[in-house]
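Numbering (my numbering), first residue to last: 3 to 130.
Here it is in structure tokens:
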């Protein structure tokens with residue numbers, strides 16, 4: 003259902019360098035690029051993440067309560083992705099690990115260089 007998610011930046015060059023390196027760890031590459039925005043995805047059939055300068059020319063701001071969740075294939079992939087984000091300058095919003103509120107939900111939360119909140123997660127449905 004989701005085609006892509008857009009996050010604003012006040013420093014496109016810095017944000018693009020961050021996302022180029024971070025998203026490469028999960029096989030995502032640039033597939034649309036203009037002087038105003040870049041979109042990354044693993045394939046044109048999968049949802050993408052876009053970083054853009056706001057269209058109205060005003061400063062980008064962080065949405066309170068907004069978060070982008072990136073689904074990965076294993077807790078190990080979550081760990082690696084989360085650690086790479088922190089290594090690239092992201093700030094921790096909750097280290098990677100099991101989350102007690104939902105059995106089988108493994109996630110790591112962080113904010114990118116512009117303060118946008120993201121998480122990497124893996125969810126295994128409990129078997130009965």
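All C-beta atoms, glycine included, are put in the ideal place defined by N, C-alpha and C.
Residue i, buried or exposed, once every other Cβ within 10 Å from all chains shown has been counted against 16
| i | result |
| --- | --- |
| residue 33 | exposed |
| residue 57 | exposed |
| residue 100 | exposed |
Helix, strand or coil at residue i [DSSP, three-state]
| i | result |
| --- | --- |
| residue 101 | coil |
| residue 64 | coil |
| residue 16 | helix |
| residue 30 | coil |
Rounded C-alpha distance that separates residue i from residue j
| i | j | result |
| --- | --- | --- |
| residue 60 | residue 12 | 9 Å |
| residue 55 | residue 27 | 24 Å |
| residue 106 | residue 126 | 5 Å |
| residue 35 | residue 47 | 17 Å |
| residue 17 | residue 115 | 7 Å |
| residue 22 | residue 103 | 32 Å |
| residue 9 | residue 76 | 25 Å |
Residue i Cβ short of 7 Å to the ligand MN heavy atom set
| i | result |
| --- | --- |
| residue 7 | As far as ligands go, the structure on display features none, and thus does not contain the ligand MN. |
Cutoff 7 Å; reference residue i; Cβ partners in own chain excluding five residues on either side
| i | result |
| --- | --- |
| residue 24 | 86, 87 and 90 |
| residue 31 | 42 |
Same chain, Cβ closer than 8 Å to residue i, neighbours up to 5 away in sequence not counted
| i | result |
| --- | --- |
| residue 119 | 64, 68, 69, 70, 95, 111, 112 and 113 |
| residue 6 | 41, 43, 49, 50, 51 and 52 |
Cβ distance (whole Å) where residue i is taken to contact residue j below 8 Å
| i | j | result |
| --- | --- | --- |
| residue 62 | residue 80 | At roughly 27 Å, the Cβ-Cβ gap does not stay under 8 Å, so residue 62 and residue 80 are not in contact. |
Close-in-space but distant-in-sequence residues of the same chain around residue i (CB under 6 Å, 5 per side omitted)
| i | result |
| --- | --- |
| residue 122 | 72, 74, 80, 83, 84 and 110 |
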